[in-house]
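Report on one structure; see the data block that follows.
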Amino acid sequence: MKHVFGPVPSRRLGLSLGIDLLTPKICTMDCIYCELGPTTDRRIERGRFVDLGELLDELRARLAEGPDVDYVTFSGSGEPTLSLDLGAAIDGVRAVTDAKIAVLTNGSLMTDPDVRKALMKTDVVIPSVDAVSREAFQRINRPAPGLDPEAIVEGIATFTAEFDGEVWLETVIVKGMNDDPQEVARLTAAADLISPAKIHVNTVVRPPAVAGTEAVDDDRLQKIARALGPHAEVIASPNVRSHVFAADSVEVIVDMAARRPVTISDIASVLGVSPGEAAKIVGSLLDGKRLEVVRHGDLLYYVSIARKGEGS
Ligand code: SF4
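Encoded structure:
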């Protein structure tokens with residue numbers, strides 16, 4: 012499948028079926044921690060990048076295979092709000108499933124009323140704000156020209172005030188980049204203005220786009236979460252219910268690893284098998300040169316040789 016991936020275990024959304032309205036890698040930013048690698052098409056102009064009819068056919072086929080998913084999530088190979096098809100695609104998903112709909116976004120285009128209108132059709136919007144000062148914004152997010160961090164915060168706040176669903180704000184803390192007290196104070200002020208239902212504090216969990224981009228330790232992350240207020244929490248490992256997936260396990264693993272680096276534990280959760288069984292299948296895929304292994308911190312991640320990814 013070209014446009015539908017997973018289901019993948021999401022740290023926030025349980026079992027989530029992903030939808031990709033882009034091709035790799037189109038984004039308004041080029042974040043140093045991005046797990047998809049460098050942005051190859053950095054832009055702020057919206058466009059049409061996939062065949063929507065083909066995408067909805069794929070979605071129907073994947074939903075028919077099962078299992079039931081908790082969310083259908085727009086993410087994929089970059090920033091989903093760059094797609095002019097976003098609103099129509101959300102309507103298309105609603106027509107074929109009762110699963111909740113989420114959008115992962117870097118929030119940069121939520122200054123645009125048309126983008127906010129499309130996002131109103133969802134259940135959960137997860138925008139990220141990693142920096143409020145221009146210096147930290149440039150250092151971490153390396154945005155396309157024309158993006159202003161304070162205007163982005165205002166756009167997200169305007170949306171949140173009007174939205175019937177939930178906004179879960181995410182912030183990724185990078186060692187030495189946005190973990191100083193001044194930037195944390197600016198992030199706290201931004202979070203107060205946006206007033207989201209939840210704030211997820213994250214760090215560099217998976218292999219980053221720029222070598223040397225480092226995670227902050229758990230103590231510091233917990234302190235930053237406390238500074239961000241009572242709705243903030245450090246997000247934890249995948250939390251998915253066990254199930255048996257009907258499709259071919261090997262192809263599911265390759266599909267997952269083509270989108271984002273995955274661990275043995277991620278694979279075991281999705282397939283509903285033991286870590287030992289997941290490791291055996293991964294071993295055969297390494298031997299067959301369909302996956303390769305990357306170390307990040309203390310963990311080993313598996314990526315497909317022809318990698319795509321989950322964005323924002
Ligand atoms: S992390 Fe998200 S916003 Fe940043 S470059 Fe990757 S896809 Fe774009």
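Here my numbering is used: the first residue of the sequence shown is 12, the next is one more, and so on.
Glycine included, C-beta positions come from ideal geometry on N, C-alpha and C.
With burial defined as no fewer than 16 other Cβ atoms inside 10 Å of the residue's Cβ, what is the status of Val-173: buried or exposed?
Sequence check: residue 173 is Glu here, not Val. The residue in question, Glu-173, is exposed, as its Cβ has fewer than 16 Cβ neighbours within 10 Å.
Cβ shell of Leu-26 (< 6 Å), same chain only, five flanking positions each side left out:
Cβ neighbours of Leu-26 beyond the five flanking positions: Pro-18, Val-80, Asp-81, Val-251.
At the level of alpha carbons, what is the spacing between Ile-167 and Ala-129?
When rounded, the distance between both Cα atoms is 13 Å.
Straight-line Cα distance separating Glu-194 from Asp-298:
Approximately 46 Å, taken between the alpha carbons.
By the 10 Å Cβ neighbour count, where 16 or more other Cβ atoms means buried, how is Lys-111 classified, buried or exposed?
By the 10 Å Cβ count, Lys-111 comes out buried.
Taking the C-alpha atoms as reference points, what is the distance between Gly-320 and Pro-241?
Confidence at Gly-320 is low in this model, with a pLDDT of 44, below 50, so the placement of that residue is unreliable and no value is reported for it.
N-terminal and C-terminal residue of the alpha helix (DSSP H) that Thr-199 is part of
Looking at the DSSP string, the run of the alpha helix (DSSP H) that includes Thr-199 is 192-205.
CA-CA distance, Glu-1 and Ala-289?
One cannot answer for residue 1 here, as it falls past the ends of the chain, which runs 12 to 323.
What does DSSP give as the partner residues of Arg-306 in its beta bridges?
DSSP output for Arg-306 lists Leu-311 as bridge partner(s).
How about the region 170-186 and the region 56-67: do they share at least three Cβ pairs that are nearer than 8 Å?
At 8 Å Cβ cutoff, the stretches do not touch.
Taking the beta carbon of Ala-226 as the centre, do at least 16 other beta carbons fall within 10 Å, making it buried, or is it exposed?
For Ala-226, the number of other beta carbons within 10 angstroms of its own is at least 16, and it is reported as buried.
How far does the alpha helix (DSSP H) with Phe-60 in it extend, from its first residue to its last?
No alpha helix (DSSP H) holds Phe-60; DSSP gives it neither H nor E.
What are the boundary residues of the alpha helix (DSSP H) that includes Asn-213?
Here Asn-213 belongs to no alpha helix (DSSP H); instead the beta strand (DSSP E) covers 209-213.
Taking 7 Å as the cut-off, is the CB of Leu-47 close to at least one heavy atom of ligand 1?
The answer is yes for Leu-47.
Any idea if Leu-28 is buried or exposed, counting beta-carbon neighbours within 10 angstroms, 16 or more meaning buried?
It counts as buried.
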